[in-house]
Amino acid sequence: MSVCIEFKDVSYAYPLTNKAAVKHLNCKLESGKCYGIIGPNAGGKTTFCNLMRGLCPKFYGGILKGDVIVNGKSTREWEDEELSVQIGYVFQDPFAQVSGIKETVFEEIGMGLENLGVETEEMIQRILEISKMVNVEALLQKNPLALSGGQCQRVAFASVLALNSDIIVIDEPTSQLDPSSTNDVFEIISALKNQGKTVIIAEHKVDLLAEYCDEIIAMAEGRIIAQGDTREVLANPILREKGVRIPQTVSLAVNMEKEGMPLRNIPINKKEAIELLKEREG
């Protein structure tokens, strides 16, 4: 697989701060994979996402050292509107993503396409297709500002997906959602994976990331402390040492080993845990 994003010794400090939010980040992200970004609060996850999208330092200001490369070109060299098409970004707060100037969800979803000068017929077709995909067809004539949190999150997804970017960055998409809406979000993520998109998700719900992600990047104190295959990273003891949340099934395996009843392998989802427990009992 080809590399679509690369961090080269990246450090970044927000304005009016003496401490870098992230330090010496080095990693490569391959096209078509799903990545989970995990770590404690203030560990650097959101900044990591903002750097990929070019928001740091172009929007937030501050000092950037090193280089973030997107599709072979530094984010310093990309024009903002060009990078917004290369990378679709779903913000942590979906209400912050609503423009506030469109009267219907239909218009809101199509605003990015309108700005790009997409032909009306193609724009309408794309809006309808994306609306069906994220299950907002019944909301198309509603005012975006009158939606619930879950509805607004789906509309935020739709407005980003309408641009048909090959890379989708999603910052804590379920932080304000109930379990049902959370499942809806991960169904969308699954559909994006099946389309061959590169998906990067910063998320606290590691049990879900364990099921959907090909690779995990674990962060703490502004640094990458582990990266690679999902199973290997989630089973890495350094996550527990640094206070990074791990799946319940990994905690179960760790506790069983402490009690002298180790499992043959460390399960990263419930299905694996059940199979390994049955195997041990048998």
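Under the UniProt record's numbering, the residue at position 254 of the sequence shown is numbered 254, and the numbers go up by one with no gaps.
For glycine and all other residues, C-beta sits at the position ideal for the given N, C-alpha and C.
DSSP three-state assignment for residue i, whether helix, strand or coil
i, result
"Leu-263", "coil"
"Ala-218", "strand"
"Gln-227", "strand"
"Ala-273", "helix"
"Val-22", "strand"
"Pro-57", "helix"
Sequence-distant residues of its chain with Cβ nearer than 7 Å to residue i (five each side left out)
i, result
"Gln-248", "Asp-207"
"Arg-231", "Ile-268"
"Ser-11", "Ala-20, Val-22, Lys-23, His-24, Lys-65, Gly-66"
Residue i classed as buried or exposed, judged by whether at least 16 other C-beta atoms fall within 10 angstroms
i, result
"Lys-278", "exposed"
"Met-219", "buried"
"Leu-145", "exposed"
"Met-261", "exposed"
"Met-1", "exposed"
"Leu-116", "exposed"
"Lys-271", "exposed"
"Val-233", "buried"
"Gln-141", "exposed"
"Ile-200", "buried"
"Thr-17", "exposed"
Neighbourhood of residue i by C-beta, 6 Å cutoff - its chain only, sequence neighbours within 5 removed
i, result
"Ala-202", "Ile-37, Lys-45, Cys-49, Asp-171, Glu-172"
Cross-strand partners of residue i (DSSP beta bridge)
i, result
"Leu-201", "This sequence places Ile at residue 201; Leu is not what is there. According to DSSP, which records beta bridges pairwise, Ile-201 is partnered with Gly-36, Ile-170."
"Phe-7", "Cys-27, Val-68"
"Ser-74", "Ile-69"
"Gly-88", "Ile-168"
"Ile-63", "Ala-13"
Proximity test, residue i beta-carbon vs the ligand SAM heavy atom, cut-off 7 Å
i, result
"Ala-156", "No copy of the ligand SAM appears in this structure; indeed no ligand is present at all."
key: Segment contact, 8 Å Cβ cut-off, at least three pairs: the segment 166-186 with the segment 134-154   = yes
query = Do the segment 102-113 and the segment 153-162 meet, that is, are 3 or more Cβ pairs less than 8 Å apart?
reply = The segment 102-113 vs the segment 153-162: in contact.
ask   = Taking one C-beta from the segment 119-138 and one from the segment 48-68 each time, how about it: are there three or more such pairs within less than 8 Å?
value = no
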